[in-house]
Structure formats: structure tokens, C-alpha cells
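Novice:
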Amino acid sequence: MALLADKLDLSDDGRVLQRYYCSMNGFSARIFSSKISNKSSEAQVLNKYWRRPRPRSGTACSSADEQPVPSLLDAQLELWHHTLGYIKAMALKAALDLCIADAIHHHGGAATLAQIAARVALRPSRTPCLRRLMRVLTVTGVFSTARQRPAGDGGGDDEHSDDASYGLTPASRLLVGSPSLSPFLALMLDGAFVSPFLGLGAWLQQGEHEQLPVPEQPSSSLFEMAHGKKPWDLASRDPAFTSLFNEGMNKRRRE
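Using my numbering, the letters of the sequence shown correspond one by one to residues -1 to 253.
Structure below.
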């Protein structure tokens, strides 16, 4: 962060982006913050850069010194998108685990935070955390949000205030009713399938550093390297995973 600040004479937009994207802790804290208003200057800057199209591929500069300020900010932002992309996937997994889409559907397609919290049986102390989770899920398009009352009529100062109403989007409508994508997505986001990807580099290098007469054959898949067995073998030994696996694969076969 200091290196970038030294290289750039940051504009006001640049300073906002630096504050949000140059620190992982700062980024995640702000993404899950319930205090930033959608109409605030900071939110407008973030929306402008977060939602902007990705920079087109072009001739690479030989060093950061040769890149203009927007290029450095875009490049850094692109890396943050890749580095913290798992937050969106894990937020979706939490929504599946809590059946948030079903909770909203139960209330006719629109529900307040209190209604969702009651339906998914959360402790009151977790309600602020649920609000932050819903912020991520609405920003990423899984759910929609709107104030039930105008801000000047006793409503909150942003779309995530206590009287906010959360609704289903085309994406989250696929998570309710029958057929539903929820079982298959829950399987794909389960730790048994996600954790093997943490060893992708090790799997690619498997056998490279061993002095053997015949090079060792690498595991046929990341899953086998991580768990020592194929998915269906793991399913036959783990009742909880068996249920998840069968539901997910049955859904996939019906598509």
C-alpha cells in the first residue's frame, strides 16, 4: 500500500480505492459494514470502480512506473477481485445453509431482516451479522433490496436499514420451489469439493521432486489427492456427505 501511495499522486477517487482495496482487512470489513450509505460519496466511488468493466487486454508495461494512475488502480482492483472472490461464493453458501431464499419466498417474495432472522432461527445477537451478509448478497445480485418507507418518512438512511425489504432476483428464484438448483449448488460449495482446490499447485507438482527410477503417477484428480478416494467412495463412507451427494447429483441428472 505504501509503495503504491509513493508512486501515485492519488485523486480523491484513488484515495477511496486505496483505503478499501489496499488492505484485505479493510476491504472485508467495509464489504461487511452496515454503516456505509449507498448514497455516500464513498459508496458512489466504490460502485463506479467495482462495477466498471474489466480493463481490456493490451500491451503490458515493463514496470509499474510506466503505467498511468488509472492502469495501476485497475490492475490492483483486478487482483483484489481475484483474491477475495471467494467471499461471494461463501456468502452464497451461507444463504443456502440458512435457506434465506426460502425464508423470503415464505413471506410472499419480500421480507424484512427481522422476518428472515426469525424464519432461519438466528439468535438476536447475530442479526447485525445477517445484515452484513445480506449486503454482500444484494450487491452481488443474489437478492434485491429496497426501503419500505422513504428515508424522510421515518425510514432508514440506506437500503439496509432495519425497515429494508429483501426480495428474490431471477438468480435466487432458482433456489426455491421444485425443481431447485439449491441441492447441486450446496454440493459444489461443500468443503469436500472446495478444499481440494487449495492444493492445486501441489497437485500439479506431484512427483516432480522425487528421485524415483520411474516418475510417480500423480493422483488422477484433486479430490483424490485431498481425500484419498473418489467422490462416490467418500459418499459411501460418510452418511452426511452421502445425503448431500445424492441430492446434488439427482438434481443434476434431472436437468
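Note that CB positions come from ideal geometry on N, CA and C, so glycine has one too.
How about L179 and L185: are their beta carbons less than 8 Å apart?
Specialist: Mapped onto the sequence shown, residue 179 falls at position 181. Mapped onto the sequence shown, residue 185 falls at position 187. No, the Cβ-Cβ distance between L179 and L185 is not below 8 Å.
Novice: Ignoring anything shorter than 3 residues, give me the beta strand (DSSP E) runs that lie fully in the stretch 121 to 201, in order along the chain.
Specialist: 141 to 145, 162 to 166
Novice: Nearest-angstrom Cα distance between V174 and A93?
Specialist: Taking the sequence shown and counting its residues from 1, one reaches residue 174 at position 176. Taking the sequence shown and counting its residues from 1, one reaches residue 93 at position 95. Taking the straight line joining both Cα atoms gives about 12 Å.
Novice: So what's F243 in DSSP terms, helix, strand or just coil?
Specialist: Here residue 243 refers to the residue found at position 245 when the sequence shown is read from its first residue. Three-state DSSP puts F243 in a helix.
Novice: Determine the direct distance from the alpha carbon of C97 to that of L196, and round the result to whole angstroms.
Specialist: The residue given as residue 196 occupies position 198 in the sequence shown. The residue given as residue 97 occupies position 99 in the sequence shown. For L196 and C97, the distance between alpha carbons rounds to 27 Å.
Novice: Suppose the cutoff is 7 Å on Cβ atoms and the five residues either side in sequence are ignored; what does the same chain contact list for K91 look like?
Specialist: Walking along the sequence shown from the start, residue 91 turns up at place 93. So the qualifying residues of the chain are L187.
Novice: Which of helix, strand or coil does DSSP assign to A109?
Specialist: The residue labelled residue 109 in the question sits at position 111 within the sequence shown. Strand.
Novice: Using the rule of at least 16 other Cβ atoms within 10 Å of the residue's Cβ for burial, across every protein chain shown, is H80 buried or exposed?
Specialist: Numbered from its first residue, the sequence shown carries residue 80 at position 82. Looking at its Cβ environment, which holds fewer than 16 other Cβ atoms inside 10 Å, H80 is exposed.
Novice: Do A116 and G165 count as a contact pair if the criterion is CB distance below 8 Å?
Specialist: To locate residue 165, count along the sequence shown from 1; it is residue 167. To locate residue 116, count along the sequence shown from 1; it is residue 118. Not a contact, by the Cβ cut-off of 8 Å.
Novice: Under three-state DSSP, which class holds P68?
Specialist: On the sequence shown, residue 68 is found 70 positions in, with the first residue counted as 1. Note: P68 maps to helix in three-state DSSP.
Novice: Taking the alpha-carbon positions, what's the S142 to S176 distance?
Specialist: Counting from 1 along the sequence shown, the entry for residue 142 is found at position 144. Counting from 1 along the sequence shown, the entry for residue 176 is found at position 178. The straight-line gap from Cα to Cα measures roughly 21 Å.
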